[in-house]
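Read the structure below first, then the notes.
Numbering (our numbering), first residue to last: 12 to 250.
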């Protein structure tokens, strides 16, 4: 979840990036995009680089433009992963910023949304954030989940999923390799009450949906294909 591949291609963070704005919701700072008048919301749980990564915010804006009110919390409280942290104090950072803590901190965000009149909620998680989203998918507080190049999701996690889930994996992924993603699919195929979609993208590496090189046309196209799959899933179940 914070192995070498998790931290490749670090973004240049930009707190001013995006068409949305930052505000407090449910006790967390969050990047908000889309119309607050929408009754449909999507929670985005970032990878270890957090909510100021430009590609991540660009995706939040895209989801907002599709009609959803988007909430991308700062789960790391201004302390995202950096190359220096990865090299010198990764374990300590993870101890302070584990996904279990992120899940607990996200619960009031979900409650806040429901108190504001939101009628349906989807959640998407990227690497680190996928673990947060899977925890929500085990309960009834969200309507649909998408996990993209997930970090340290277990077979037992997938066995407990209760809401429609889409799993988008990379061919070149040491954290959730295709063999593991296929095991996820095999488990979901036995759970008749849960709809699912599983796809492994050829020729891309872990993190490709938000840490792509904007100048690499092929990688951008694969990222945009994953974004479309995510939006299609939310259009189907968050309504």
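Just so you know, even glycine gets a beta-carbon here, dropped at the ideal spot from N, CA and C.
Assuming the contact rule is C-beta atoms closer than 8 Å, residue i and residue j should be a hit. Round their C-beta distance to whole Å, please.
i, j, result
"residue 55", "residue 83", "4 Å"
"residue 246", "residue 212", "The pair is not a contact, with the Cβ atoms about 20 Å apart (cut-off 8 Å)."
Do residue i and residue j have their CB atoms nearer than 8 Å?
i, j, result
"residue 39", "residue 120", "yes"
"residue 221", "residue 70", "yes"
"residue 57", "residue 128", "no"
"residue 216", "residue 184", "yes"
"residue 3", "residue 63", "Here the chain covers residues 12 to 250 and nothing more, so residue 3 does not appear."
"residue 3", "residue 68", "Residue 3 is absent from the structure shown; the chain starts at 12 and stops at 250."
"residue 179", "residue 237", "yes"
Can you name, in chain order, every residue of its own chain whose Cβ lies under 6 Å from the Cβ of residue i, other than the five neighbours on each side?
i, result
"residue 61", "87 and 91"
"residue 113", "86 and 143"
"residue 146", "114"
"residue 81", "44, 45, 53, 71, 74 and 75"
With 8 Å as the threshold, decide whether the Cβ of residue i is near any Cβ in chain C.
i, result
"residue 36", "Absence of chain C from the displayed structure is noted, only one protein chain being present."
CB of residue i to nearest heavy atom of the ligand FAD: below 7 Å?
i, result
"residue 124", "By its list of ligands, the structure shown contains no ligand whatsoever, and the ligand FAD lies outside what it can speak to."
Note the first and the last residue of the continuous beta strand (DSSP E) segment covering residue i.
i, result
"residue 189", "Here residue 189 belongs to no beta strand (DSSP E); instead the alpha helix (DSSP H) covers 189-200."
Would you kindly report the start and end of the unbroken alpha helix (DSSP H) that includes residue i?
i, result
"residue 65", "65-76"
"residue 123", "110-126"
"residue 248", "228-248"
"residue 178", "Run containing residue 178: none in the alpha helix (DSSP H); it sits in the beta strand (DSSP E), 176-183."
"residue 166", "166-170"
"residue 141", "139-148"
Keeping to the same chain, check which residues put their C-beta closer than 8 Å to that of residue i; ignore five residues upstream and five downstream.
i, result
"residue 155", "133, 134, 174, 175, 176, 177, 244, 245, 247, 248 and 249"
"residue 214", "182, 183, 229 and 233"
Check your understanding: Three or more C-beta pairs closer than 8 Å, one from the segment 41-52 and one from the segment 206-213: is that the case here?
Key -> no
Point to revise | Meets three-Cβ-pair contact criterion under 8 Å: the segment 188-199 and the segment 230-239 | key: no
Practice item. Flag this pair as touching only if the segment 168-187 and the segment 89-103 have three or more C-beta atom pairs under 8 Å; answer yes or no. Key: no
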